[in-house]
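Participant: Protein chains in written order, with this note's numbering: chain A, 286 to 586; chain B, 286 to 586. Below is a structure I'd like to ask you about.
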DNA sequence: TTCAATGTTTGTCCTGGACAAACAGGACGT
DNA sequence: ACGTCCTGTTTGTCCAGGACAAACATTGAA
């Protein structure tokens, strides 16, 4: 399909490995050794790109690149792990039919999935639906995508349909005007929105006034938006896929941009390993978010 | 506000200017001249970042960086232009209250905007709502954003709220299972989804079975998804902001990937200047899309 | 006016060096 | 055995300055 091969920018897009990293690996480990075009620029053959994608996936699971780059096919074996802790303890806990939901997506049965989810929503109520269905299902789909049993388009379909369900449920709520004004968004390079929608659903359910700005807001814009909307709280969501090392710096920078009176809350699967920081509320669970909302109300009579 | 300043990665995130560009501008034009930290690394003061954002905006309007970087405040004057053709002829045509809707967003009145839009939806019906309200409003907001009278976060709020309205309207439709199966998505580097949602609303209204995959699907994935969903038609949307010169190549590549039996439709403000191509249906207007759907049905009894 | 040839601007890629933060592993004391 | 400090290694990001081709502007001819 493409005999020419991928240039370095295309590989960066496809693998998520920066140009700097691709070049420094070549220098150090001698692994991706791309061809060169007439102009001396790197031209990666498709199989090397494939290998890089695999390596990146394993790195995201915690492996280190130095080890991965040596070993031709043993990596394929290393695919399965990384479900040591939760998966084993979660699998028995499942029972609740999440696997069936996942299977519906896998069979590309959009209508069936929507129907099943709507039933669950009606049965569980919005709060439990978010906590017991959407959140674990999202994690499960993320894992399936990581270990290759979900295609990109299947993950997209899941996301798109679930977004609709949540937005629909949120729209059905009375527009809360009692609690704090919460501005919800994510930083650049964080395109995942499901976490934000789940948070919005729970906060709106408690009567907070949510201002959804979508994803990928530049930090300075978040500051302006907070001022323009007179927000009491800025809520950010980080997915598990977000480069964790960048999080503390981002939060600290945003903390400096925002007035002290505006609280900064961070949540999502991406922040679990982030340390506590001054002036930033780290929300490890949805219950923590609900508790934080109650706290805020207690302190702002 | 932030005495430390922004490092080069943060500036890249916030302005969209790559590190390479930031460095080469400094070398060539002598403009962003950041401080240096103890380690000799660039540290951009906030005002320089602000100026860079302004320059980037003007560049997106078609200005060239070399000119922009000379001239201290004349740029502020250069903000207004870029409304030579349409705005003048469109302004008198307005009348229908689109300006009021835009004003609601500008005032950050989310609830008011939603209410006004819902009223219009009820009054006009979905089809006319999409064609006469959402589409022109989207174009108008895009223009306002280009000439600087809309902030980034205001444009995000508009998009987010409008997305909700459309999705809600779509969900309320009976799940069409009569017409063709239409797979709706966009290519990588095309994150705008409003066009797709408008198309989905109109097609679903006609009873077509839409499969919404969200945005930014790699081409090979589109092919796999089309097969998996047994799609009859693949519909792509290109916004006005998409680099137009890439469009023909992308479409041709995708045409090769898809089986001949699967039709390829392209729409959106971005394709108006794209030439007609063999095996690809170019939809300049929403009416054209509806007509194309009728055609397909006539040919597939 | 339209089109082709020429010059200028501008983004991206290159090499090879450097450094600090993150990590792994061992020594030490409890 | 367990936790804490220290030390060496791994790894990502940044830097400088050179090069080139694609995009753009401009000029001149048909």
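The beta-carbon is built from N, C-alpha and C at its ideal position, and this holds for glycine as well.
Using the DSSP secondary-structure output, state which residues sit across from residue 518(B) in a beta bridge.
Facilitator: 467(B) and 548(B)
Participant: Using a Cβ-Cβ cut-off of 7 Å (strictly less than) and excluding sequence neighbours within five positions of residue 423(A), which residues of its own chain qualify?
Facilitator: 479
Participant: Sort out for me which residues DSSP pairs residue 567(B) with in a bridge.
Facilitator: 551(B)
Participant: Which word fits residue 452(B), buried or exposed, when buried means at least 16 other C-beta atoms lie within 10 angstroms of its C-beta?
Facilitator: The residue is buried, with at least 16 neighbouring Cβ atoms inside 10 Å.
Participant: If you follow the alpha helix (DSSP H) that residue 390(A) is part of, which residue opens it and which one closes it?
Facilitator: 383-391
Participant: Using a Cβ-Cβ cutoff of 7 Å, what residues of the segment 439-463 of chain A are near chain B? List them in chain order.
Facilitator: 441, 442, 444, 445, 449, 452, 453, 456 and 460
Participant: Mind pulling the chain A residues with CB within less than 7 Å of residue 498(B)?
Facilitator: 438, 441, 442 and 445
Participant: Under 8 Å between the Cβ atoms of residue 594(B) and residue 488(B)?
Facilitator: Lying before the first or after the last residue shown, residue 594(B) is absent from chain B, which here runs from 286 to 586.
Participant: Hey, how far is the Cα of residue 269(A) from the Cα of residue 467(A)?
Facilitator: Any property of residue 269(A) remains undetermined from this structure, which presents chain A solely from 286 to 586.
Participant: State the beta-bridge partners of residue 291(A) as determined by DSSP.
Facilitator: 329(A)
Participant: For residue 494(A), list the residues DSSP reports as bridge partners.
Facilitator: 466(A)
Participant: For residue 579(B) and residue 317(A), what's the separation of their Cα atoms in angstroms?
Facilitator: 51 Å
Participant: Between the segment 387-401 of chain A and the segment 424-432 of chain A, do at least 3 Cβ pairs fall closer than 8 Å?
Facilitator: yes
Participant: Is the beta carbon of residue 465(B) less than 8 Å from the beta carbon of residue 518(B)?
Facilitator: Taking 8 Å as the cut-off, the beta carbon of residue 465(B) is found closer than this to the beta carbon of residue 518(B).
Participant: Can you grab the Cα-Cα spacing for the pair residue 477(A) / residue 330(A), in whole Å?
Facilitator: Roughly 30 Å between the two C-alpha positions.
Participant: DSSP three-state call for residue 502(A): helix, strand or coil?
Facilitator: The answer is coil: DSSP assigns residue 502(A) none of H, G, I, E or B.
Participant: Between the segment 556-565 of chain A and the segment 528-547 of chain A, can you find at least three pairs of beta-carbon atoms closer than 8 Å?
Facilitator: yes
Participant: Quick one: residues in its chain with C-beta nearer than 8 Å to the C-beta of residue 344(B), no 5 flanking neighbours on either side, listed in chain order?
Facilitator: 350 and 353
Participant: In the segment 509-521 of chain A, which residues sit with their C-beta less than 7 Å from some C-beta in chain B, listed in chain order?
Facilitator: 509, 510, 513 and 514
Participant: According to the neighbour-count rule (16 or more other Cβ atoms, all chains shown, within 10 Å of its Cβ), is residue 400(A) buried or exposed?
Facilitator: Residue environment: residue 400(A) is assigned as exposed (fewer than 16 neighbouring CB atoms within 10 Å of its CB, all protein chains considered).
Participant: Residue 424(B) by DSSP, collapsed to three states: which one?
Facilitator: helix
Participant: Here's the rule: buried if 16 or more other CB atoms are within 10 angstroms of the residue's CB, otherwise exposed. What is residue 474(A)?
Facilitator: exposed
Participant: Just to confirm the assignment, what range does the alpha helix (DSSP H) spanning residue 562(A) have?
Facilitator: No alpha helix (DSSP H) contains residue 562(A), which DSSP labels as neither H nor E.
Participant: Using the rule of at least 16 other Cβ atoms within 10 Å of the residue's Cβ for burial, across every protein chain shown, is residue 303(A) buried or exposed?
Facilitator: exposed
Participant: Do you know whose CA, among 408(B), 409(B), 440(B) and 410(B), lies nearest residue 392(B)'s CA?
Facilitator: 440(B)
Participant: Give a yes or no on whether the C-beta atoms belonging to residue 264(B) and residue 320(B) are separated by under 8 Å.
Facilitator: Given a span of 286 to 586 for chain B in the structure shown, any question on residue 264(B) remains unanswerable.
Participant: Less than 8 Å between the beta carbons of residue 506(B) and residue 571(A), yes or no?
Facilitator: Judged by beta-carbon spacing, residue 571(A) lies beyond the 8 Å limit of residue 506(B), meaning their Cβ atoms are not closer than that value.
Participant: Within the same chain, show all residues whose beta-carbon is closer than 8 Å to that of residue 535(B), passing over the 5 residues directly before and after it, in chain order.
Facilitator: 472 and 504
Participant: Note down, in chain order, every chain A residue with its Cβ under 9 Å from the Cβ of residue 544(B).
Facilitator: Here the premise fails: no neighbours, minimum Cβ distance about 14 Å.
Participant: Do you know how far the Cα of residue 446(A) is from the Cα of residue 582(A)?
Facilitator: 34 Å
Participant: Let me confirm a value: residue 299(B) is counted as buried when at least 16 other C-beta atoms fall within 10 Å, else exposed. Which label applies?
Facilitator: buried
Participant: How about residue 502(A) and residue 510(A): do their beta carbons lie closer than 8 Å?
Facilitator: Residue 510(A) is positioned such that its CB atom lies closer than 8 Å to that of residue 502(A).
Participant: One question on the structure: do residue 552(A) and residue 484(A) come within less than 8 Å of each other, judged by their Cβ atoms?
Facilitator: yes
Participant: Kindly indicate which three-state DSSP category residue 321(B) falls into: helix, strand or coil?
Facilitator: Strand.
Participant: Along the alpha helix (DSSP H) that carries residue 354(A), what are the first and last residues, could you check?
Facilitator: Its alpha helix (DSSP H) spans residues 350-354.
Participant: Which residues in the same chain have their Cβ closer than 6 Å to the Cβ of residue 573(B), if we skip the five residues on either side of it in sequence?
Facilitator: none
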